[in-house]
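For reference, the structure discussed in these notes is given below.
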Amino acid sequence: MTVQVVIKPNTYFDSVSLMSLSTKANQVEGVEQAIIAMGTEMNKGVIRNVGLMTPEVEEAKNSDLMIVVKAATDELCENAFVSINELLTKKNTNTGKSEVKYSTISSAAQSIPEANLAVISVNGAYAAREAKKALENDLHVMLFSDNVSIEEEIELKKFAHEKGLLMMGPDCGTAILGNIGLAFANAVRKGEIGIVGASGTGSQEISVRIHDFGGGITQLIGTGGRDLSEEVGGIMMLDGIKALDEDEATKVIVLVSKPPAPSVEEKILAQISQCKKPVVVWFIGGDEEKITKAGGHFAKMSKEAALKAVLLAGADESKINKRALNIPLIEEVRAKLKPEQKYIRGLFCGGTLCDEAMYAAMEKFDNVYSNIQKNADYLLEDNNVSKEHTFIDFGDDEFTKGKPHPMIDPSTRIERFKQEAKDPSVGVIVMDFVLGFGSHEDPVGVMLPAIIEAKQLAEQEGRHLEILGYVLGTDLDYQNFDEQVEKLIAAGVTHASSSQNAGLLAREFVVKGE
Amino acid sequence: MSKINELFKSKIHAINVGIEFFKDDIVKQNASATHLDWTPPGGGKPELIAALDKLENPSVLEKIEEANKLAVERIVNSQPVLIGFDQAINCVPGMTKTTILHAGPPITFDKMSGPMKGAVTGALVFEGLAKDIEEAYEVAASGAITFAPCHEHNCVGSMAGVTSASMFMHIVENKTYGNIAYTNLSEQMAKILRMGANDQSVIDRLNWMRDVLGPILRDAMKLNTDGIDLRLMLAQALHMGDECHNRNVAGTTLLIQALTPYILETDFTTEQKRQVFDFVASSDYFSGPTWMALSKCALDAAHGIENSTIVTTMARNGVEFGIRVSGMAGNTWFTGPAQKVVGPMFAGYKPEDSGLDIGDSAITETYGIGGFAMATAPAIVALVGGTVDEAIGFSTKMKEITTTENPNVTIPLLNFMGIATGIDVRKVTQTGIMPVINTAIAHKEPGIGMIGAGITYPPVEAFEKALLTLSENIN
């Protein structure tokens, strides 16, 4: 055991820094004990107490820095001095500006007067509480969280309505406010069309189609999926329509939803009939007559809704590429399929995209099963096992418990795809790939290995595996839309140019005997 | 124009709670977003969330807000003035010759931590109640000694807080509300009774403090009929780089400067006066207890306001950490286990030598200085991790759990923001942010003393219990 001492004359360090240095020096490898201190009587006393006193220490002055190291060997001692010298000369380089961190919505809202919106995506058990705080602080709310009770939703929406604030959600996945996309949203042009949507991917689809047709969006207001239920009564959609009707920049309004509860539909239609602006209504499976009677512009499918909106906004029809359905392609695919390859398997990340394709199929087939069927007779008994025509929404609760949404983490769908691809009764597998903010950075890429492998397997078995892919996105989305489409085509996937076309193509591919 | 239509025309500034990349995406689009450092309220415990919700019912909320407004008003408006020094037996309410006051919530001798036992036995020898430390252990356990928290006798005590009959006390009067607070004198550093040391050198110093230092200070302050305005002095000390819990160099200089003319005029010998000045100069800590008494004096004025959720005491006895809340009048303590103190240590000691968090000095944080005013004391940032930014961060973060700023005591570096004042039990439980406390570390064994300094936090249990009780009591 050796003890070495270095005295640095006239070298001042404050006591707190020295304590901190001593603590670090004691962690240097091989050091039994290290003391770094100014040469005061008190510090000398400490050194004496631990038995490390030497004549040099005895002579140190108040203004001298004493470094005393005890280690097993001379070499370890010297190594320690090198490390200690580094510690002494090390300057803290962190001079970054300090950022104020807020912990509550109230404190942030009070400290940031320009704050005007809260985006809330905490666990559903706490979400309503946070939303209420936001409203109390006069913030508009986008509530992404699900698992919020309907009672809480009603309370929040009534409160927001009284205060004249937006209460988008719960379970609101998308919104575009002032050209800023929130949560899952696509980058689209600023324009003259406002959207109020109760279904997230449905609203995304409309915004993307409008963009594709050369139009643009003023605002996209998400309401959350339950807004048009009997209980909630369409509070957010009604307020949204009213606000867009009063908005100078908005020329046309588009409504997106599954069919509302009858009493709510009445209220919505009454509101439409009072609107100064044209309102295009796409209620999936909605009633054309009622909507038209109320003065609304009925759209049966998504592309149709978008097209009507851009035309009403004044676009020149002759200059629009309407992305017409590729009729010859249908014949081509039909010819490749064997008689027993008769079923559609739809594997979707977007709930509304799933719905749209399913409704298209239901027009031609009775045996359409799903995990989101309204008619209980056609709900799948086991969501992991397909039956005849099957449409799966992987964004539905059963698949997202404890897992991120499939738009972020597509692993569950990949496994299911492999299973479907082996089924000899399958005529076509249809899938969506959603781009935009919030979504996976390369949704096609993660699916590709499984697609290529499945294609090879089918080829070995002597059957054609028809895969139909739709990429929901725009040329402005960060994932690179063209590259995503090219990857699909290169892998032998048929590319559909819209949600509507994807639904219709899938159906037509397997319609037999026409 | 409706608020929604206004929003359509405004630039988005979002407050994001939850998934962080939503904030990143908003920022990428050249809009502004602030991501919250959020944790589930009440740590996600349903009973605590229910209690928070109950306290937010409009009628209840109104009562609480009104009570808290009054409580912080009293803290802010308190004007504590040092009016004198005297022995505890002569001034502290309820003091007897066989009473030992200690830091923190109530505790019996057998359960006390090492440093506190060391201090108690040392004090018994000092008072002549035991002939040596060994006998003092028997006396302490015999039932002949009355133990009580300093806080229950209008006192505060640094570290072990052990206060006995003949010790000299600061006497601090609240000129606004009339209440008085007491605390004993600094023994300076580091092998001292309050840290649990009790050998002859410690007793000798206590004797000298009783026979020379105390009487000189007492007589000096008799000559100063105006008293010393401590709040004014505190504000100055903060502007000079103290946070007045772990850094007291400026405050001590100001205090001795104010006392010196009167000390000179007392009838003691020059040598004795010289001893006093040397003693004060031997450690910056001399004024440490003074700021504790100031804090206690202001906070006692805010205690016992019905329906208030403001914390008026944070104190530790080395085993438990206890808080008192204004709305629970008298001596209702809410406790949890005392925590470790993390920070640099004197040469020769290791973290495992540390005793747990101890002392009434957290009264300074309760008032808004100490760890709360870390941004005033960049010189000691090594205590809190090393960077000035971190120090500033502590001071701004404490605003999240407090009610107001004290305009009388400000932080230059933060554009003269007032110190964060009025810790609210609801906000602590809601945010999960614990008050930050700067403090010294005593050796865990009796008889050794101070071995380091650092920061610590109260146990969350104390605040949870307080919240549940408040939600039952406020209707």
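For the protein sequence lines, the chains are A and B, in the order given. Numbered according to the UniProt record's numbering, the first sequence terminates at residue 514, and the numbering increases by one at each position without gaps. Numbered according to the UniProt record's numbering, the second sequence terminates at residue 475, and the numbering increases by one at each position without gaps. Heads up, the beta-carbon is just placed ideally off N, CA and C, and yes, glycines get one too.
Of all the CB atoms in chain B, is at least one closer than 7 Å to the CB of residue i?
| i | result |
| --- | --- |
| Asp245/A | no |
| Tyr102/A | yes |
| Phe481/A | no |
| Ser17/A | yes |
| Glu363/A | no |
| Leu156/A | no |
| Leu88/A | no |
| Thr93/A | Residue placement at Thr93/A is poorly supported in this model, since its pLDDT is 48, which falls under 50; the coordinates still yield a value, given next. No, because no Cβ of chain B sits closer than 7 Å to the Cβ of Thr93/A. |
| Val252/A | no |
In chain A, which residues lie with their C-beta within 8 Å of the C-beta of residue i?
| i | result |
| --- | --- |
| Ile263/B | In chain order: nothing, as chain A lies at least about 25 Å away. |
| Pro41/B | Tyr126 and Arg129 |
In terms of residues, what are the limits of the beta strand (DSSP E) holding residue i?
| i | result |
| --- | --- |
| Gln4/A | Thr2 to Lys8 |
| Gly84/B | Pro80 to Gln87 |
| Met431/A | Val426 to Val434 |
| Thr38/A | Note that residue 38/A is Met in the sequence shown, not Thr. Unbroken beta strand (DSSP E) run through Met38/A: Val31 to Met38. |
| Ser370/A | Val368 to Ser370 |
Under 7 Å between C-beta atoms, does residue i make it to chain A?
| i | result |
| --- | --- |
| Met240/B | no |
| Lys3/B | yes |
| His13/B | yes |
| Pro344/B | yes |
| Ala31/B | yes |
| Pro435/B | no |
| Glu400/B | yes |
| Phe126/B | no |
| Ala391/B | no |
| Pro93/B | no |
| Ser10/B | yes |
Could you name the residues of chain B that residue i contacts, counting a contact when the two beta carbons are closer than 7 Å?
| i | result |
| --- | --- |
| Ser411/A | Those do not exist, as Ser411/A stays about 18 Å from chain B at its closest Cβ, beyond 7 Å. |
Residues of chain B with CB under 9 Å from residue i, in chain order?
| i | result |
| --- | --- |
| Ser121/A | Asn16, Val17, Gly18, Ile19 and Phe22 |
| Gly438/A | Ile19, Phe21, Phe22 and Asp25 |
| Gly181/A | Asp25, Ile26 and Gln29 |
| Glu114/A | Ser10, Lys11, His13 and Ser32 |
| Asp14/A | Ala379, Ile380 and Ala382 |
| residue 515/A | This structure cannot speak to residue 515/A, because chain A is shown only from 1 to 514. |
Less than 7 Å between C-beta atoms, sequence neighbours within five positions excluded: which residues of the same chain meet that for residue i?
| i | result |
| --- | --- |
| Ile451/A | Ile467, Ala491 and Val493 |
| Ser98/A | Low confidence applies here, because Ser98/A scores a pLDDT of 49, under 50, leaving its location unreliable; read the following figure in that light. Same-chain partners within the cutoff: there are none. |
| Asn94/A | Confidence in Asn94/A is poor, its pLDDT being 44 and thus under 50, which makes the residue's placement unreliable; the coordinate value appears in the next sentence. Closer than 7 Å at the Cβ level, and outside the excluded window around Asn94/A, lies no residue. |
| Ser263/A | Glu230 |
| Glu130/A | Ile105, Ile120 and Val122 |
| Phe268/B | Ile216 |
Along chain A, which residues have their Cβ under 9 Å away from the Cβ of residue i?
| i | result |
| --- | --- |
| Asp37/B | Lys101, Tyr102 and Ser103 |
| Gly452/B | Met19 and Thr23 |
Who are the Cβ neighbours of residue i in its own chain at under 8 Å, not counting the five residues just before and after it?
| i | result |
| --- | --- |
| residue 479/B | Residue coverage of chain B in this structure runs from 1 to 475, which leaves residue 479/B outside it and unanswerable. |
| Lys444/B | Ser113, Gly114, Pro115, Asp353, Ser354, Gly355 and Leu356 |
| Gly285/A | Lys258, Pro259 and Tyr359 |
| Ser106/A | Lys133, Glu136 and Asn137 |
| Leu255/B | Ile228, Met233, Phe286, Ser287 and Thr290 |
| Thr412/A | Phe394, Phe399, Lys403 and Pro406 |
Considering residue i, what are the terminal residues of the alpha helix (DSSP H) in which it resides?
| i | result |
| --- | --- |
| Pro46/B | Pro46 to Lys54 |
| Val27/B | Glu20 to Lys28 |
| Gly45/A | Glu41 to Asn49 |
| Gly104/B | Counting along the chain, Gly104/B falls outside any alpha helix (DSSP H), and DSSP gives it neither H nor E. |
Ignore the nearest five residues each way along the sequence and tell me which others in residue i's own chain have a CB closer than 6 Å to its CB.
| i | result |
| --- | --- |
| Gly96/A | Low local confidence applies: a pLDDT of 43 at Gly96/A is under 50, so the model's placement there is unreliable, and no value is given. |
At a CB-CB cut-off below 8 Å, which residues of chain B make contact with residue i?
| i | result |
| --- | --- |
| His140/A | Lys3, Ile4 and Leu7 |
| Leu165/A | Lys3 and Ile4 |
| residue 522/A | Within the shown structure, residues of chain A are numbered from 1 to 514, placing residue 522/A beyond reach of any answer. |
Run through chain A and tell me which residues come within less than 7 Å of residue i, C-beta to C-beta.
| i | result |
| --- | --- |
| Gly330/B | Going along chain A, no residue has its Cβ under 7 Å from Gly330/B, so there is no contact; the nearest lies around 31 Å. |
Hey, would you say the C-beta of residue i is under 6 Å away from at least one heavy atom of the ligand GTP?
| i | result |
| --- | --- |
| Ile193/A | Inclusion of the ligand GTP in the displayed structure is not the case, the ligand content being empty and no account of it being possible. |
Measuring only between beta-carbons, confirm whether residue i sits less than 7 Å from chain E.
| i | result |
| --- | --- |
| Gly348/B | The question asks about chain E, but that chain is absent: this structure's protein chains are A and B. |
Inset, instruction - Taking only beta carbons into account, state which residues of the segment 277-298 of chain B come closer than 7 Å to chain A, listed in chain order. - result: none
Inset, instruction - Anything in the segment 368-382 of chain B with a Cβ closer than 7 Å to a Cβ of chain A? List those residues in chain order, please. - result: Ala379, Ile380 and Ala382
Inset, instruction - Below 8 Å between beta carbons is the criterion; list the residues of the segment 23-34 of chain A that meet it against any residue of chain B, in chain order. - result: Thr23, Asn26, Gln33 and Ala34
Inset, instruction - Check distances from the C-beta atoms of the segment 414-433 of chain B to those of chain A and list, in chain order, the residues that come in under 7 Å. - result: Gln430, Thr431 and Ile433
Inset, instruction - Identify each residue in the segment 215-232 of chain A for which the Cβ-Cβ distance to at least one residue of chain B is less than 9 Å, and report them in chain order. - result: Thr218, Gln219 and Ile221
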